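Going line by line, the protein sequences match chains U and G.
Numbered according to the UniProt record's numbering, the first sequence spans residues 1 to 148.
Numbered according to the UniProt record's numbering, the second sequence spans residues 1 to 212.
Yeah, the Cβ is synthetic: ideal placement off N, Cα and C, and Gly gets one too.
Just so you know, these numbers come straight off a predicted model, no measurement behind them.
Presented below is the structure to which this report refers.
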Amino acid sequence: MTVFALIVINKAGGLIYNKNFHDGLNKISTNDYLVLAGTFHGVHAITARLTPIRPPAPPAGLRPEQVSGLEVLETENFRMQCFNTLTGVKFLLFTDTTQTNVDVTIRKVYDLYADYVMKNPFYSLEMPIRCEMFDRKLQSYVREINNR
Amino acid sequence: MSQPSVPSSGKDGGLRVPSNGKTIYHRPLNRTKTAEISQASFAYLFGEMVTYAQRRVKGVQELEQRLNVQGHAIGLKLLDLLLHREPPRSQHRPTNILALLHFIRTSLWTHLFARAADRLEKSADPENPDDYMIIDNEPLVNAFISVPKDMSSLNCAAFVAGIVEGVCDGADFPGKVTAHSVPEGEMWPGKTVFLIKFRSEVVEREAYLGKS
Numbered sequence: 001m002t003v004f005a006l007i008v009i010n011k012a013g014g015l016i017y018n019k020n021f022h023d024g025l026n027k028i029s030t031n032d033y034l035v036l037a038g039t040f041h042g043v044h045a046i047t048a049r050l051t052p053i054r055p056p057a058p059p060a061g062l063r064p065e066q067v068s069g070l071e072v073l074e075t076e077n078f079r080m081q082c083f084n085t086l087t088g089v090k091f092l093l094f095t096d097t098t099q100t101n102v103d104v105t106i107r108k109v110y111d112l113y114a115d116y117v118m119k120n121p122f123y124s125l126e127m128p129i130r131c132e133m134f135d136r137k138l139q140s141y142v143r144e145i146n147n148r
Numbered sequence: 001m002s003q004p005s006v007p008s009s010g011k012d013g014g015l016r017v018p019s020n021g022k023t024i025y026h027r028p029l030n031r032t033k034t035a036e037i038s039q040a041s042f043a044y045l046f047g048e049m050v051t052y053a054q055r056r057v058k059g060v061q062e063l064e065q066r067l068n069v070q071g072h073a074i075g076l077k078l079l080d081l082l083l084h085r086e087p088p089r090s091q092h093r094p095t096n097i098l099a100l101l102h103f104i105r106t107s108l109w110t111h112l113f114a115r116a117a118d119r120l121e122k123s124a125d126p127e128n129p130d131d132y133m134i135i136d137n138e139p140l141v142n143a144f145i146s147v148p149k150d151m152s153s154l155n156c157a158a159f160v161a162g163i164v165e166g167v168c169d170g171a172d173f174p175g176k177v178t179a180h181s182v183p184e185g186e187m188w189p190g191k192t193v194f195l196i197k198f199r200s201e202v203v204e205r206e207a208y209l210g211k212s
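As C-alpha cells, this is what we get:
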C-alpha cells in the first residue's frame, strides 16, 4: 500500500501544490502539472453537470447540496481520489490500487491544510503553497502510512 | 434597593469583598474546567495581528518591533494579575533577576501556554555575561506559522518577547527582550530563544544588592 502523490488545485483551476511521495514515478514537467490541474478542473466541472438524478429538494431554509462530480478514478496501476472542499479547493491523492481508507487519509490532508496553510499569516489565498510546516507535517504523515 | 446577593464583608461603604476572598480577578472570565481557549481561534487572531503589523512596516526588524509593542502592554498587566492571584504569603514582586526569571518561566508561561518554558540559561558568552535566555522548544504562537524564505530572520514569537519585556519593565527591571529561532534538527524545528538583555543599571544594582 502506497500513497504516490498529492496535488492541490485552487477554485480557479490553478495548481497550488504538488508533491511526490514515492521514488520511481514518471517525472512530468512543471508545465505539464499546470496543464493537468487545469484539465482536471474542467473535467470535474463537466462531471458535476452529468448527474442523471435530480438532487432531492433541500429542507426549507438550506442551500441545495453541492453536486459532487468526479470522486474516484481507477486504472490498472493507480487510483486517484478527489476531495472537493466547500470552498472549491480540490485535493487529488494518487495511491496504489490496494490502498484502503483513502477518504480518511484525504480528510487528514485537508486538516493539515486547514491548520498549517490557512492559519499561516504569510500565505496569500489562491497562491502556490510554500509553507515549510505543511511540507513537514504532510511528509511525516504520509511516511507513516507508507510504512504501515 | 435590594442588597446584592454576593456575600459581602459587611462593612458599610468601601469595596465589597466576597466572604471567600475571591474577586473577579482571581479566576479567568471563562469558567470552563480547564479555562483554556480554542487554539484555532487564537491562531486566526494572532495571524491577523501579524498581518496587521506587516501592512505598516518596511522590514523584518520593524515588524518584530511592532509585535513586541503589542505584547508589552499584556506583560505589564499580567505581572500584576498573576501576583494578585498568588497566595497572600508569596504575593511579593520578584526583587532579583533570578526570582524574576523564575516567575516568568513558570507562572507566566503556565498561565499563557499551560506549561513551563523548557529551559532558563545564563549567557556563556564572555562578552555579554549578563544576558539571560529563556528557551521554548515549540512556542505556541508559532504553532501554525511558516516564515517565508525572504524573511527567514523573522520570529513571530517577538510578541511573546514583548510580553516578557512588559513583565520585566513592570517589575522595574527594564531591558530588551528579543526572540530568535534556533532550529534543532528534526526534533525541534521551531525552537526559540528569548534573549533578555537588562539595562546596565539593573545589572549594577543586582551586583550591589548581591554583595550586601
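Span separating the alpha-carbon of U:L86 from that of G:L29: Within the first sequence, the letter at position 86 stands for residue 86 of chain U. Within the second sequence, the letter at position 29 stands for residue 29 of chain G. Roughly 35 angstroms between the two C-alpha positions.
Residue burial classification, G:R66 (beta-carbon count within 10 angstroms, cutoff 16): Locating residue 66 of chain G in the second sequence gives position 66, where the first residue counts as 1. It counts as buried.
Contact between the stretch 16-35 of chain U and the stretch 127-140 of chain U (3+ Cβ pairs under 8 angstroms): With a cut-off of 8 angstroms, the stretch 127-140 of chain U and the stretch 16-35 of chain U count as touching, because enough Cβ pairs lie within range.
Residue range of the unbroken beta strand (DSSP E) whose run includes G:L83: Taking the second sequence and counting its residues from 1, the one referred to as residue 83 of chain G is at position 83. Not the beta strand (DSSP E): G:L83 falls in the alpha helix (DSSP H), residues V60 to R85.
G:Q65 CB to nearest heavy atom of the ligand GTP below 7 angstroms: Annotation note on the ligand GTP: not contained in the displayed structure, which lists no ligands.
is_contact[U:Y17, chain G] using C-beta, thresh 8 angstroms: Numbered from 1 along the first sequence, position 17 holds the residue referred to as residue 17 of chain U. False, the Cβ-Cβ gap to chain G never drops below 8 angstroms.
Endpoints, the beta strand (DSSP E) within which G:H179 is located: In the second sequence, residue 179 of chain G corresponds to position 179, counting from 1. At residue 179 of chain G the sequence reads Ala, which differs from the His that was named. G:A179 -> beta strand (DSSP E) spans G175 to S181.
Cβ shell of U:I145 (< 6 angstroms), same chain only, five flanking positions each side left out: Numbered from 1 along the first sequence, position 145 holds the residue referred to as residue 145 of chain U. For U:I145, same chain residues with a beta-carbon under 6 angstroms away, outside a window of 5 residues either side, are V3 in chain order.
Reduced DSSP category for U:M127 - H, G, I as helix; E, B as strand; rest coil: Within the first sequence, numbered from 1, the residue matching residue 127 of chain U stands at position 127. In the structure shown, U:M127 sits in coil (DSSP, three-state: anything other than H, G, I, E or B).
For G:F194: DSSP bridge partner residues: Indexing the second sequence from 1 puts residue 194 of chain G at position 194. Note: G:F194 sits in a beta bridge opposite G:I134 and G:A179.
Bounding residues of the alpha helix (DSSP H) (the contiguous stretch that carries G:R55): Position 55 of the second sequence holds residue 55 of chain G. Start and end: Q39 to R55.
Three-state secondary structure (DSSP) of G:G10: What you label residue 10 of chain G is simply residue 10 of the second sequence in a count that begins at 1. With a pLDDT of 47 at G:G10, under the threshold of 50, the predicted position of this residue should be treated as unreliable, though the coordinate-derived value follows. If DSSP states are grouped into helix, strand and coil, G:G10 belongs with coil.
Own chain partners of G:I103 with C-beta closer than 6 angstroms, once the 5 adjacent residues on each side are dropped: Taking the second sequence and counting its residues from 1, one reaches residue 103 of chain G at position 103. It should be noted that the sequence gives Phe, not Ile, for residue 103 of chain G. Short of 6 angstroms from the beta carbon of G:F103, and not among the five residues preceding or following it, lie these beta carbons of its own chain, in chain order: P94.
Extent of the continuous beta strand (DSSP E) to which U:Q81 belongs: As a first step, residue 81 of chain U must be located in the first sequence, where it is residue number 81. In the DSSP assignment, U:Q81 falls within the unbroken beta strand (DSSP E) covering R79 to N84.
From U:V67, U:D111 and U:A5, residue whose alpha carbon lies closest to that of U:T51: Taking the first sequence and counting its residues from 1, the one referred to as residue 51 of chain U is at position 51. Among U:V67, U:D111 and U:A5, the Cα nearest to that of U:T51 is on U:V67.
C-beta atoms of U:L70 and U:H44 nearer than 8 angstroms: In the first sequence, the residue the question calls residue 70 of chain U occupies position 70. In the first sequence, the residue the question calls residue 44 of chain U occupies position 44. Their beta carbons are under 8 angstroms apart, which means U:L70 touches U:H44 by this criterion.
Beta bridge counterpart(s) of G:W109 as assigned by DSSP: On the second sequence, position 109 is the one that residue 109 of chain G refers to. G:W109 is not bridged by DSSP to any residue.
DSSP bridge partner residues for U:R49 (one or two, in chain order): For this step, residue 49 of chain U is matched to residue 49 along the first sequence. Partner(s): none; U:R49 has no beta bridge.
Start and end residues, alpha helix (DSSP H) containing G:N96: Within the second sequence, numbered from 1, the residue matching residue 96 of chain G stands at position 96. Note, G:N96: premise wrong, no alpha helix (DSSP H); not H, not E.
Residues that U:F94 bridges to, as DSSP identifies them: As a working mapping, residue 94 of chain U is identified with position 94 in the first sequence. DSSP lists U:A5 and U:M80 as partners of U:F94.
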